[in-house]
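Just so we're aligned, residue 1 is where the sequence shown starts under the UniProt record's numbering, counting upward by one. From the three backbone atoms N, C-alpha and C, an ideal C-beta is built for every residue, glycine too. None of these values were measured; they are calculated from a predicted model. Taking it in order: structure first as structure tokens, then the write-up.
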Amino acid sequence: MTASPRNIILLSADALRADHLSCYGYHRETSPVLDEFAEESIRFTNAYSASSHTREAVPALLTGEYPDVAINDSYRLATETIASQLSEAGFATGGFHSNPFVSRAYGFDQGFDTFDDDLHFGQHKLVALAQRALDKLRNRHYARAEEINERSLSWIDSLDSDDPFFLWNHYMDTHGPYEPPGEYATLYADKKLSGRDAQSLYQRAIDKPESITEEERQLLIDLYDAEIRYNDEHIGEFLNELRSRDLLEDSLLVVTADHGDAFGEHGYYEHPRYLHDEITHIPLFVREPDGADRTVETPVSTLDIVSTFKRIAGLDIDSERVSLLDQFDGGRTVFLQARGEDEHSQLRRYAVRTKDGKCFCEYDGQDGSMELTEVSKKSLQSELKDHVKQRVDVKAETTDTHEDDVDEEIERRLSALGYKE
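Shown next, in the form of structure tokens:
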């Protein structure tokens, strides 16, 4: 790195899988902006999320810790985030998104000076009621990338020019139900679905994946790809705004995803709690202030992102972590984990990834049994077993036992996004 970045910017997209970006070899040109961005960044071809769904993936992304430490049993944040650490180091901190699962209701506003999670509780009651009514009328369940950009840029413009800042923008556009706006609706699809039809198709794909025909599967992919193209364009607009403010050359900028999305490859859609490539292999770009054009094939984890930020801020990093700005030798191992679907069971899934191999297992906390599955390299079995043994006794602790009420707005948005509590 030839210049020391003053600011740190993290842009993450929800449910964006790597192999649907053209710069990762996809057959469609879904990501012209990120294709160009990759030419001035370090692009990681084997980047994996620490988990497969938002409730565990984002906590890991923001804390640099595995989900079993980052959150407690109620998915409430239980570990200090990078926002807190950078705030203590003198950075202004801002977060902008609209995913209820990582909202202030679960403690994710910790460490942020400004935290806009697009939820209305805590605001003026009449304004909140009016907004809810409007949202229901237009079937709105998240803030579009354009809105996230406007809010975060307004925040940047409000800062003292002498203050370094940390900004996290999380975009929901690539999360289902897939409803690409305007001209994007028919960019790849032959027909435009209404919002309610798109939501109905997406929910059926989750609930009854066997009912999805090949034509419907292709339609879901077409709409998803169009959402990627839309999101890509608005990431480009955000980058242009940074350039116009002379901020891009003064910042470390990371673009990634919390997880991917599945389209029936393993018999399921969306992103349930498995660890297959389609829901854990994510894009990852790191742009230094002076730019770089480098491709890294060594496996890395979203856990390494926090370590990178800490290194930039002069903070100590865990000995097991690396900075993404380091030089890699290719022999690295990364681990993934996810709780089982049943909230009351003690089932956990684990996986290990290397450049040329993978191994999966299921661990039952009730009887301590472990079942290895999908082993592509036998030498990884003992490595994964050792890792699981280290993690099974780890339990997140939190001194904050307060649980915020999850109001009807959060319930509505979670339902619209295909989530069930």
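Below 6 Å CB to CB, which residues in the same chain sit around Lys310 once its five sequence neighbours on both sides are set aside?
The residue given as residue 310 occupies position 310 in the sequence shown. Here the set comprises Ile317.
Output the distance between the C-alpha atoms of Tyr350 and Ala205, rounded to the nearest integer angstrom.
Here the question's residue 350 lines up with position 350 in the sequence shown. Here the question's residue 205 lines up with position 205 in the sequence shown. So the alpha carbons of these two residues sit roughly 25 Å apart.
Given a cut-off of 8 Å, decide if Asp261 and His276 are closer than it, judged by their beta-carbon atoms.
For the purposes of this step, residue 276 is identified with residue 276 of the sequence shown, where counting begins at 1. For the purposes of this step, residue 261 is identified with residue 261 of the sequence shown, where counting begins at 1. No, these two residues do not count as a Cβ contact at 8 Å.
Would you call Lys358 buried or exposed, if buried means 16 or more other Cβ atoms sit within 10 Å of its Cβ?
Taking the first residue of the sequence shown as 1, we reach residue 358 at position 358. Buried, by the Cβ-count rule.
Per DSSP, what kind of secondary structure is Arg287 in: helix, strand or coil?
In the sequence shown, residue 287 corresponds to position 287, counting from 1. It is a strand residue.
Measure the C-alpha to C-alpha separation of Leu16 and His175 and round it to an integer number of angstroms.
As a position in the sequence shown, residue 16 is number 16, starting the count at 1. As a position in the sequence shown, residue 175 is number 175, starting the count at 1. Spanning the two alpha carbons is a distance of roughly 8 Å.
Can you give the Cα-Cα distance for Ile228 and Ala13, rounded to whole angstroms?
Within the sequence shown, numbered from 1, the residue matching residue 228 stands at position 228. Within the sequence shown, numbered from 1, the residue matching residue 13 stands at position 13. Rounded to the nearest angstrom, the two C-alpha atoms are 9 Å apart.
Tell me which same chain residues have a C-beta within less than 6 Å of the C-beta of Arg28, skipping the five on either side of it?
Residue 28 sits at position 28 when you count from the first residue of the sequence shown. Hits under 6 Å: Asp225.
In angstroms, rounded to a whole number, what distance separates the CA positions of Pro283 and Thr298?
As a working note, residue 283 is residue 283 in the sequence shown. As a working note, residue 298 is residue 298 in the sequence shown. Distance between the alpha carbons of Pro283 and Thr298: 13 Å.
Drop a sphere of 10 angstroms on the beta-carbon of Pro181, count the other beta-carbons inside from all chains shown, and report buried for 16 or more, exposed for fewer.
For this step, residue 181 is matched to residue 181 along the sequence shown. When all chains shown are included, Pro181 counts as exposed.
Thinking C-beta only, is Val306 closer than 8 Å to Thr63?
Within the sequence shown, residue 63 is the residue found at index 63, counting from 1. Within the sequence shown, residue 306 is the residue found at index 306, counting from 1. Contact flag set, yes.
What separation, rounded to the nearest whole angstrom, lies between the Cα atoms of Phe115 and Asn169?
Reading the sequence shown from its first residue, position 115 is the one you call residue 115. Reading the sequence shown from its first residue, position 169 is the one you call residue 169. If I take the Cα positions, the gap works out to 10 Å.
Could you pull out every residue in the same chain whose Cβ sits closer than 6 Å to the Cβ of Arg76, ignoring the five residues on either side in sequence?
Numbered from 1 along the sequence shown, position 76 holds the residue referred to as residue 76. The answer, listed in chain order, is Tyr106 and Gly107.
Exposed or buried, what is Thr308 when buried is set at 16 or more other beta-carbons lying within 10 Å of its beta-carbon?
Counting from one through the sequence shown, the residue named residue 308 turns up at place 308. The residue in question, Thr308, is buried, as its Cβ has 16 or more Cβ neighbours within 10 Å.
Under 8 Å, with one C-beta from each stretch per pair, do the segment 37-57 and the segment 331-344 reach the 3-pair mark?
Enough Cβ pairs lie closer than 8 Å, so yes.
Report yes if the C-beta distance between Leu34 and Ile235 is below 8 Å; otherwise report no.
Here the question's residue 34 lines up with position 34 in the sequence shown. Here the question's residue 235 lines up with position 235 in the sequence shown. For Leu34 and Ile235, yes; Cβs fall inside 8 Å.
With distances taken from CA atoms, which of Pro164, Leu380, Lys389 and Asp73 is nearest Ser369?
The residue labelled residue 369 in the question sits at position 369 within the sequence shown. With distances taken between Cα atoms, Ser369 lies closest to Lys389.
Specify the secondary structure class of Leu134 as computed by DSSP and reduced to three states.
Locating residue 134 in the sequence shown gives position 134, where the first residue counts as 1. Note that Leu134 scores 48 on pLDDT, short of 50, meaning its location in the model is unreliable; the coordinates nonetheless yield the value given after this. Three-state DSSP puts Leu134 in a helix.
Any chance the segment 209-217 sits against the segment 146-154, with 3 or more Cβ pairs inside 8 Å?
Because the criterion of three Cβ pairs below 8 Å is not met, the segment 209-217 and the segment 146-154 do not touch.
Asp118 and Gly94: beta carbons closer than 8 Å?
Numbered from its first residue, the sequence shown carries residue 118 at position 118. Numbered from its first residue, the sequence shown carries residue 94 at position 94. Cβ atoms of Asp118 and Gly94: not closer than 8 Å.
In the DSSP assignment, what are the bridge partners of Cys361?
The residue you call residue 361 lines up with position 361 of the sequence shown. Paired residue(s): Tyr350 and Leu372.
In terms of alpha-carbon separation, which member of Val322, Arg332, Asn231 and Leu252 lies closest to His20?
Here residue 20 is taken as the residue at index 20 of the sequence shown, counted from 1. For the residues Val322, Arg332, Asn231 and Leu252, the minimum Cα distance to His20 belongs to Asn231.
Report yes if the C-beta distance between Gln110 and Ser74 is below 8 Å; otherwise report no.
Within the sequence shown, the letter at position 110 stands for residue 110. Within the sequence shown, the letter at position 74 stands for residue 74. Going by C-beta atoms, Gln110 is not nearer than 8 Å to Ser74.
Near Tyr171, which residues of its chain fall below 8 Å by C-beta distance, leaving aside the five closest residues on each side in sequence?
Here residue 171 corresponds to residue number 171 of the sequence shown, with the count starting at 1. Leu11, Ser12, Ala13, Asp14, His97, Ala145, Ile148, Asn231, His234 and Ile235.
Going by DSSP, what residues sit across from Asn169 in a beta bridge?
Here residue 169 corresponds to residue number 169 of the sequence shown, with the count starting at 1. DSSP output for Asn169 lists Leu11 and Phe96 as bridge partner(s).
If you draw a straight line from the C-alpha of Asp367 to the C-alpha of His387, how long is it?
What you label residue 367 is simply residue 367 of the sequence shown in a count that begins at 1. What you label residue 387 is simply residue 387 of the sequence shown in a count that begins at 1. Approximately 18 Å, taken between the alpha carbons.
Identify which residue in Leu347, Leu325 and Lys192 has its Cα closest to the Cα of Ile42.
Residue numbering aside, residue 42 sits at position 42 when the sequence shown is read from its first letter. Of Leu347, Leu325 and Lys192, the residue nearest in Cα terms is Leu325.
Going by DSSP in three states, His234 sits in which element: helix, strand or coil?
Here residue 234 corresponds to residue number 234 of the sequence shown, with the count starting at 1. DSSP places His234 in helix when its eight states are reduced to three.
Just to confirm before moving on: does the CB-CB distance between Leu220 and Leu193 stay below 8 Å?
Indexing the sequence shown from 1 puts residue 220 at position 220. Indexing the sequence shown from 1 puts residue 193 at position 193. Contact: no.
Would you kindly check if the distance between the Cβ of Leu252 and the Cβ of Ile156 is under 8 Å?
Numbered from its first residue, the sequence shown carries residue 156 at position 156. Numbered from its first residue, the sequence shown carries residue 252 at position 252. Not in contact: Ile156 and Leu252 (Cβ atoms no closer than 8 Å).
So for Arg391, helix, strand or coil by DSSP?
For the purposes of this step, residue 391 is taken as the residue at position 391 of the sequence shown. Correct three-state label for Arg391: helix.
Once DSSP output is grouped into helix, strand and coil, what is the label at Glu297?
What you label residue 297 is simply residue 297 of the sequence shown in a count that begins at 1. Reduced to three states, the DSSP call for Glu297 is coil.
Would you kindly work out how many angstroms separate the C-alpha atoms of Leu187 and Arg196, rounded to a whole number?
Taking the sequence shown and counting its residues from 1, one reaches residue 187 at position 187. Taking the sequence shown and counting its residues from 1, one reaches residue 196 at position 196. About 19 Å.
Provide the residue span of the alpha helix (DSSP H) that contains Arg204, from first to last.
Taking the first residue of the sequence shown as position 1, residue 204 is located at position 204. Per DSSP, Arg204 belongs to the alpha helix (DSSP H) from Gly195 to Asp207.
Per DSSP, what kind of secondary structure is Leu77 in: helix, strand or coil?
Your numbering for residue 77 matches position 77 in the sequence shown. Three-state DSSP puts Leu77 in a strand.
Among Glu383, Ile8 and Arg391, which one has its Cα closest to the Cα of Asp163?
On the sequence shown, position 163 is the one that residue 163 refers to. Among Glu383, Ile8 and Arg391, the Cα nearest to that of Asp163 is on Ile8.
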